[in-house]
Structure formats: structure tokens, C-alpha cells
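What follows is one structure encoded as C-alpha cells, with my remarks underneath.
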Amino acid sequence: MWALRDRSCDVDEADGEGPCRLHHPLEGCPDGLRRERSRRGGGGRCRNRRRAGIRVSLPEGEGDPQGPGGGVRHGPVDGNRCARRTGRRLTQGGSMRYSELFLPTGREVPSDAELASHQLMIRAGMIRKLTSGIYSYLPMGYRVIRKVEQIVREEMNRAGAQELFMPMVQPAELWQESGRWVHYGRELLRFRDRHEREYCLGPTHEEVITDLVRNEIKTYRQLPRNLYQIQTKFRDEIRPRFGVMRCREFAMKDAYSFDANEAGAEESYRKMFEAYGRIFRRCGLDFRAVEADSGSIGGSYSHEFMVMADSGEDAVVFCTACDYAANLEKAEIAPPEKTPSVDEARLPLEEVHTPGVRTIEEVCAFLSVTPREVVKTLIFNADGKPAAILVRGDHDVNEIKVKNVLGCDELELAMDDMILDVTGSPRGFAGAVGIRARVIADYSLINMTHCVMGANREDYHLKNASPERDFSVSAYADLRVVRAGDPCPRCAAPVRMARGIEVGHVFKLGTKYSRSMRAVYLDAAGKEQTMVMGCYGIGIGRTVAAAIEQSHDDQGIVWPMTLAPYAVIITPVNSNEETLARASESLYQALSARGVEVLLDDRDERAGVKFKDADLIGIPLRITVGPKKLAEGRVELRIRRTGEVRMLPLGEAVDGVSDLIRAELERIGG
RNA sequence: CGGGAUGUGGCCCAGCCUGGUAGGGCACUGCGUUCGGGACGCAGGAGUCGCGCGUUCAAAUCGCGCCAUCCCGACCA
Numbered sequence: 016m017w018a019l020r021d022r023s024c025d026v027d028e029a030d031g032e033g034p035c036r037l038h039h040p041l042e043g044c045p046d047g048l049r050r051e052r053s054r055r056g057g058g059g060r061c062r063n064r065r066r067a068g069i070r071v072s073l074p075e076g077e078g079d080p081q082g083p084g085g086g087v088r089h090g091p092v093d094g095n096r097c098a099r100r101t102g103r104r105l106t107q108g109g110s111m112r113y114s115e116l117f118l119p120t121g122r123e124v125p126s127d128a129e130l131a132s133h134q135l136m137i138r139a140g141m142i143r144k145l146t147s148g149i150y151s152y153l154p155m156g157y158r159v160i161r162k163v164e165q166i167v168r169e170e171m172n173r174a175g176a177q178e179l180f181m182p183m184v185q186p187a188e189l190w191q192e193s194g195r196w197v198h199y200g201r202e203l204l205r206f207r208d209r210h211e212r213e214y215c216l217g218p219t220h221e222e223v224i225t226d227l228v229r230n231e232i233k234t235y236r237q238l239p240r241n242l243y244q245i246q247t248k249f250r251d252e253i254r255p256r257f258g259v260m261r262c263r264e265f266a267m268k269d270a271y272s273f274d275a276n277e278a279g280a281e282e283s284y285r286k287m288f289e290a291y292g293r294i295f296r297r298c299g300l301d302f303r304a305v306e307a308d309s310g311s312i313g314g315s316y317s318h319e320f321m322v323m324a325d326s327g328e329d330a331v332v333f334c335t336a337c338d339y340a341a342n343l344e345k346a347e348i349a350p351p352e353k354t355p356s357v358d359e360a361r362l363p364l365e366e367v368h369t370p371g372v373r374t375i376e377e378v379c380a381f382l383s384v385t386p387r388e389v390v391k392t393l394i395f396n397a398d399g400k401p402a403a404i405l406v407r408g409d410h411d412v413n414e415i416k417v418k419n420v421l422g423c424d425e426l427e428l429a430m431d432d433m434i435l436d437v438t439g440s441p442r443g444f445a446g447a448v449g450i451r452a453r454v455i456a457d458y459s460l461i462n463m464t465h466c467v468m469g470a471n472r473e474d475y476h477l478k479n480a481s482p483e484r485d486f487s488v489s490a491y492a493d494l495r496v497v498r499a500g501d502p503c504p505r506c507a508a509p510v511r512m513a514r515g516i517e518v519g520h521v522f523k524l525g526t527k528y529s530r531s532m533r534a535v536y537l538d539a540a541g542k543e544q545t546m547v548m549g550c551y552g553i554g555i556g557r558t559v560a561a562a563i564e565q566s567h568d569d570q571g572i573v574w575p576m577t578l579a580p581y582a583v584i585i586t587p588v589n590s591n592e593e594t595l596a597r598a599s600e601s602l603y604q605a606l607s608a609r610g611v612e613v614l615l616d617d618r619d620e621r622a623g624v625k626f627k628d629a630d631l632i633g634i635p636l637r638i639t640v641g642p643k644k645l646a647e648g649r650v651e652l653r654i655r656r657t658g659e660v661r662m663l664p665l666g667e668a669v670d671g672v673s674d675l676i677r678a679e680l681e682r683i684g685g
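Start counting the first sequence at 16; every next residue gets the next number (our numbering).
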């Protein structure tokens, strides 16, 4: 019976329509909620009160959830919605007694967790690993997940997107149609059903949504549309790591826009870009939108939303003067001016004997030159055809740029046999002079003359090699990895580097999928047109991990108010003392009635244990109820982030805490 | 896929080199004392020592094979 009601409760919340009608009886059931239930004619009794066996006396007017100021606005941006309702929707049961919570905290750092966020999520009882890259979310973790989801929902809806829900299991045919059955690689988990039909677990949903839309949308009148879901994705990562940061099964919000034309698609993209900014701001994150490569999703351009953190897997380049910012993979370098007069190629080309000298370091040492004077020649295998890529000795090749310039699908460094084939020598002596491959040089070669490079002959290098005179270059392009201090491609000021965690990615897809899968419509002239698409992802779990990565200390997590599983924890320092328990209970009831998410630490534990746990799980505010202060009619309010402690008269505690929460939510949401 | 490491009660780890009765801390149960920053005492419960094969009178320990996990790299939304 309760299972049934519980489910209806879930559905209500999941579809974003209003609060749940009934709370699970085992969850905290403070006055405000119970009153609401009876108002709605629901059943269920509050066992907690019976168990607690304490008569509660509330301060005047505290018990009425309908009263003025009743409820805290959890969605500060969502101004039109009933504040109390919004507050409820952001909770999974409002308040809770610690003694009944499934919250296994740990003192030990798990041996296989490297990142602070990973360690803390395990220690704070948020997640448990089932198997490599696959995690369960425990109640405390799931509450935070739901907070992020809810913020995402509100902002997506606000931006005009509609929520739907698509299957995780997808037929091979759809992927064959888009071409990705072949191109996606081993990351796509494939399997067969009992009829030997092929399927995959969806790593993303472009195929499914495009199929859906092409079948249902036929006319320009039905456009534009933006559809999104929050779904579990599966990507069979080669190497899952860092807990939920890079795992195989994970929750993702993915949205897809369909427009009649380019201009519409641009507008959809802009709306999503702005919605993402609002989402991550509301999550309390220090983030940055950067230009990105669109990778295997494809499409014309994209931005990543990066949470700045030293532990981030991605390197981000940004300008110290203008607002240019890009993923290192994508970061550009402006073409240099050609300065012809400086150093004409005068000295003759010279071949020198360099036995066993292969690497740049060895060459420099042997010939007493610096890496800047050496040209590195790398032979790539691009879809089976060789290409010679030239960069300066002190630079690194950016393979993504090479791939984009060559326009190939597969790119890898050539094997020894291909090197021998195009250079006529073993690995380590490749150069551009006389090479049997297309030669593409990095911009940095434009003004180089008299450089050192391999001679395409074992144990020999060339000196004074100069482009044009000694070898031809079919194209100059931006091919190298940007370094700190390089000039910004927009304004030429030096760029800086930082690390980031990619929590969101917006792509302008163009017609990549709509063309291959024939998602077309009739325009006003009755002419068939191809829809222009965009897609937009947010890693939900990763956003939670990123928030922890960015906000923790040596005691544990420090949640921003918008993501905190509970806003306040009430800690009676000794649960056996009746007066402390009664005052705590009373505060608990009063705060709950205000719509504040409150956790009452009613466990029979020593104060130290409670303090440590409260800090570990990162509840932003703690009300400590101790004997001496209580005798003076006061309680202590401690702010997790700063450690600041304020004394509050008992009668002002509820107002004081509510005001603080409201102020904090407004600060983050504003 | 290449390189490295690890697998011993729920968690962290010792024991392995030098084969012989499976250990500690945390957690858990009971009782007592304690009670404002992860208490103490006493008494308990809990382990196929990753799996398999082999060597041996005897294997957590030695050998071989496999599996899993983690780290570095390759690779990559």
C-alpha cells in the first residue's frame, strides 16, 4: 500500500507538476506537512511524533504553512511559481531525523578514490560503487542529484524546452542509418536479444529523437521545437575513473532543438547557452563557457561549460585581456605575419652525419642548437594515407587540429612500415625534403629558415633547410597545441591556462543527423527542407562532483545552499537530556513548517561524532543546542563555509535561519 | 591494448620474503562508565585469505593460469 503511494509521489515529482500528495510515512513528518496532508484528505499518521514521545509546543504562528512568509523560496529565479510549492518540490520529503536516515558515513578514505570529490562522496554516504564505473546513489547523494535535476528542469522549461523520456535500449538499425554504428567505436555497448537482433545502450539520443521528430513533424508550422530528457546514459569508457566524474553509467540531461533554418538554430543555441549559464550559476559554481571541438557528436561549432578546478581533466585556455576562452583541444593561434626580409635562405642545405640521434633533445645536444631551430616531422596515417606534419621542435602537435585540417575520420601516428615507405628511412630521421607524402606545416614555419630536420636517411639530418627553397609545403595551418603566453587569436594578448571539469556541452549540429536520417519538413512554399538541429548536454552527477571539487575543506563537503541536501542540521549535544531534545524537536517542527529542509540529529551519539558528520556531509547551517546556552534561552548558529558562530535567542532562531537561507539562495540565484 | 600495483570480516591495513593454529584498528551486538569536535572498559558476532590448477605431510604465504580493482599511458564524450 505504501509502496503504491510512494510511487505516485515519485511520479508527481518527476513530471514536475506540483508537490507530491503524500509523503512516505517513514520519512520525516513534521507538522506543516502533516497538516497539509490532512487538508488534502490524505491518510497516514506521523510515527515520528509517536516515537519521539515528546509534546511539541510551537511558537505562535509557526505551525501554519499558509501563513505569511511561510516557506522559503528555493527557486529564486522561478518567481512566478508559488514559493512554498517550489520549496516543496525541491525536497524529497522535506525534513528528516538522522536516526532514521540511511546515511552510512565513514572516517576512512577509500583506497581506490583519488579525487577529493570521489572520497567525500563515499565518506559522506552519497554513493557506493557496484562495479567499475557504475554507482548507486544513496539517499543523501540522490537528494543532491534531484536538486541539480530540478534546477535544470526549471531553466530548461523556462527556455522553452519540453521534457520527454526516451528509451535507453536502442535498435542497431537507427545507428546504422546515422552511420554511427560503425563510427562510434567500442564505447557503444552493443548486445543481442533472444532473437539475435542487435541493440545498443544509448550513450546519447540523437538517433532516437531524430527518428521521433521526423515521424511526427511535417510542417514548418510545427517548428521550432526543443525537447529534452534526463536519462541514464551508458558509455563503455575505456577507463572509468574519479568516481562519478568519469563513469560508464550516468545521468545526463540531453536536449535537442529542431529549427526550420540556420537563423532559428542560432537562436535556439543562444537560448540554451544562456539557460546553461543560469543553471550553473544557480548551482553555485565557478564556471566558464569555452569554445570546444565537437568531437564524435559532430556539427559545426560548440561550447563547453567548464567548472574551474585544478583537478579537472580538461585544459582550458583563456585570454588575459579579452573574453576569448577555449578548450586546449580547440584553442587557436592566429597566423603570424610573413616577415620576408628578416632572414633569406642564404646558407646552403647541408647533410650531417648524426648516428643514432633521433629525438629532438638528442638532435639539439648533438648539433648544439635549440628546439626552436629544429623542425619536427611527424608522419600520420590519415584514413590509410600518409601525411607529413611539420611543427617547430619545441611545439606539440594538436591531433584534433590535424584531423580537422586533413578532414579525415581516423588519424594515428604512422607505423614503422608507412614511415619507411614515405621517407625511405626508419623512424627518427623523417624530414620534409624529398618526402613522398603531402606536407602540411604549422604557421610557426612561415618565418623559419635554416632549420634542422631529418634527412630521410638513417643516421643523417639536414641543416639550413628552408621552406620553398628546399621543400614544398602544400598548406600552412594552425596545427600545434597552444601554450601559456601564446598570443590570443582575437586580440593578441597573452593567454593563460587553467584546468576545468566539463559539466555541459552545447552543439550546433546543423543538418548532420537530419540529412542522414531525413528529418525534413515542408516550408510555406510547399518545398521540402531539412531541419537544422542542435543538441545540449549536462552531466548531472558530474555537476554534483564538480561542486564538491570546488567547494570542500579538510572536514568535508561545503554545499552551496542551492544544492545542499538539507539547509540546516539541528544538533542537540546530548540527546539524553530531555530539555535539549525538546528544544531541538521544537525547532525542527517550526523550521519544517516554514518549508525549510532540516535534518535533526537525534542520534544517541557524542557531540563530537555529530559535529564531524555534520561537517562531512556539508550541511550549510548548523544549530547547536547545548545546555549552557539553552539555559540562557539561546542556541548557536554555525555557518559551515566560514565557521562563523552566531548566538540566537531561541525565539528568533527560526526567523534568523530562514532569513539566512533566503539571503543565501538569493545571492546564488541572483 | 601496453606498463605498473593491489586483491586477507562492512571499511583501512598487517601477516607473504623465510610454508605449520588467520591478526590489529574502525564499524557492529550486549552490559557498564562517559557525554561540546570521531570516548573508555568488559564480553561477543562476523573472514570461501579474488578464483582455479599445481608443488608439499602441510599453502593467505611458493609456482602457473585466470578474474577483478586501481594508477600511468594509448584512447575518448
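Beta carbons are placed, not taken as given, at the ideal position from N, Cα and C, and that holds for glycine.
Val510 vs Phe333 beta-carbon contact at 8 Å: A distance below 8 Å separates the beta carbons of Val510 and Phe333.
To the nearest angstrom, report how far apart Thr101 and Tyr235 are at their CA atoms. With a pLDDT of 40 at Thr101, under the threshold of 50, the modelled position of that residue is not reliable, and no figure is offered here.
Since Ile434 and Arg442 are thought to touch, with beta carbons under 8 Å apart, how far apart are those beta carbons, to the nearest angstrom? Between Arg442 and Ile434 the Cβ distance is about 5 Å, and since that is below 8 Å, they are a contact.
When the Cα atoms are used, what is the spatial distance from Arg161 to Arg195? Here the C-alpha atom of Arg161 lies approximately 32 Å from the C-alpha atom of Arg195.
Taking C-alpha atoms, which residue in Val583, Pro587 and Leu421 lies nearest to Asp398? The option with the nearest alpha carbon to Asp398 is Leu421.
For the beta strand (DSSP E) that contains Phe302, what are its first and last residues? Counting along the chain, the beta strand (DSSP E) containing Phe302 begins and ends at Phe302 to Ala307.
Enclosing alpha helix (DSSP H) for Met155 [first to last residue]: First-last of the alpha helix (DSSP H) with Met155: Pro154 to Arg173.
So the candidates are Val521, Val624, Lys625 and Tyr603; which of them puts its Cα closest to the Cα of Asp4? With the chain running from 16 to 685 in the structure shown, residue 4 is simply not present.
Look at Ser529 and Thr247 and say whether their C-beta atoms are less than 8 Å apart. No, these two residues do not count as a Cβ contact at 8 Å.
Pairing CB atoms from the stretch 629-639 with CB atoms from the stretch 567-578, are three or more of them under 8 Å? A contact exists between the stretch 629-639 and the stretch 567-578.
With distances taken from CA atoms, which of Glu264, Gly371 and Ser151 is nearest Glu202? For the residues Glu264, Gly371 and Ser151, the minimum Cα distance to Glu202 belongs to Glu264.
Can you look up Met287 in the DSSP assignment and give me helix, strand or coil? Met287: helix per DSSP, three-state reduction.
Residues that DSSP places opposite Lys478 in a beta bridge: Residue pairing from DSSP places Lys478 in a beta bridge opposite Glu365.
Does the Cβ-Cβ distance between Val384 and Val467 come in under 8 Å? Result yes, Cβ atoms of Val384 and Val467 sit closer than 8 Å.
For the putative contact between Leu130 and Leu179, defined by C-beta atoms under 8 Å, what is the C-beta separation to the nearest angstrom? Contact doesn't hold; Cβ gap of about 34 Å is too wide.
Around the Cβ of His363, are there at least 16 other Cβ atoms within 10 angstroms (buried) or fewer (exposed)? Per the sequence presented here, residue 363 reads as Pro, with His not at that position. Around the beta-carbon of Pro363, fewer than 16 other beta-carbon atoms lie within 10 Å, marking it exposed.
Can at least three beta-carbon pairs, one atom from the stretch 293-306 and one from the stretch 483-498, be found at a separation below 8 Å? With a cut-off of 8 Å, the stretch 483-498 and the stretch 293-306 do not count as touching, because too few Cβ pairs lie within range.
Using only the alpha-carbon positions, how far apart do Tyr551 and Ala270 sit? Here the alpha carbons of Ala270 and Tyr551 stand approximately 5 Å from one another.
Paired residues, beta bridge with Leu428 - DSSP: Beta-bridge analysis with DSSP links Leu428 to Phe395.
Where does Asn342 sit, in a helix, a strand or coil, going by DSSP? Looking at Asn342 - three-state DSSP - the assignment turns out to be strand.
If you compare alpha carbons, which of Glu328, Arg557 and Ser590 is closest to Tyr152? Across the set Glu328, Arg557 and Ser590, the C-alpha of Arg557 shows the shortest separation from the C-alpha of Tyr152.
Here's the rule I'm using: 16 or more other beta-carbon atoms within 10 Å means buried, otherwise exposed. How should Asp617 be labelled? Burial is judged here by how many other beta carbons sit within 10 angstroms of a residue's own beta carbon; Asp617 has at least 16 and is buried.
Can you confirm whether the stretch 613-630 touches the stretch 558-566 when touching is taken to mean that 3 or more C-beta pairs between the two stretches lie within less than 8 Å? They do not touch, by the three-pair rule.
What does the alpha-carbon distance come out to for the pair Lys416 and Ala341? Straight-line Cα distance between these residues: approximately 13 Å.
Would you say Gly554 and Ala324 are within 8 Å of each other, going by their C-beta atoms? It is not a contact, given that the beta carbons lie outside the stated cut-off.
Burial state of Gln191 (16 or more Cβ within 10 Å): Exposed is the call here.
Can you tell me whether DSSP reads Met548 as helix, strand or coil? Note: Met548 maps to strand in three-state DSSP.
For the alpha helix (DSSP H) that Met136 lies in, which residues bound it at each end? Boundaries of the alpha helix (DSSP H) harbouring Met136: Ala131 to Arg138, taken from the DSSP string.
Every unbroken beta strand (DSSP E) inside the stretch 171-235 [3 residues or more]: List check, beta strand (DSSP E) in window: 184-186, 205-207 and 213-216.
Going by the CB atoms, is the gap between Tyr458 and Pro386 shorter than 8 Å? In this structure, Tyr458 does not lie closer than 8 Å to Pro386 by Cβ.
Cβ contact (3+ pairs, closer than 8 Å) linking the stretch 108-120 and the stretch 139-157: Yes, the stretch 108-120 touches the stretch 139-157.
State the DSSP-derived secondary structure class of Ala330, mapped to helix, strand or coil. In this structure, Ala330 counts as strand in the three-state DSSP scheme.
Under 8 Å, do Glu319 and His520 count as touching if we go by C-beta distance? Yes, these two residues count as a Cβ contact at 8 Å.
Is it buried or exposed, Ile137, if we count other Cβ atoms within 10 angstroms and call 16 or more buried? Within a 10 Å sphere around the beta-carbon of Ile137 sit 16 or more other beta-carbons, which makes this residue buried.
Give the C-beta separation of Leu216 and Met183 to the nearest angstrom, bearing in mind that I take them to be a contact with Cβ-Cβ under 8 Å. Contact holds; Cβ gap of about 6 Å.
I'd like the ranges of any beta strand (DSSP E) spanning at least 3 consecutive residues and lying wholly in the stretch 617-684. Counting only runs of 3 or more, we get 636-640, 649-654 and 660-664.
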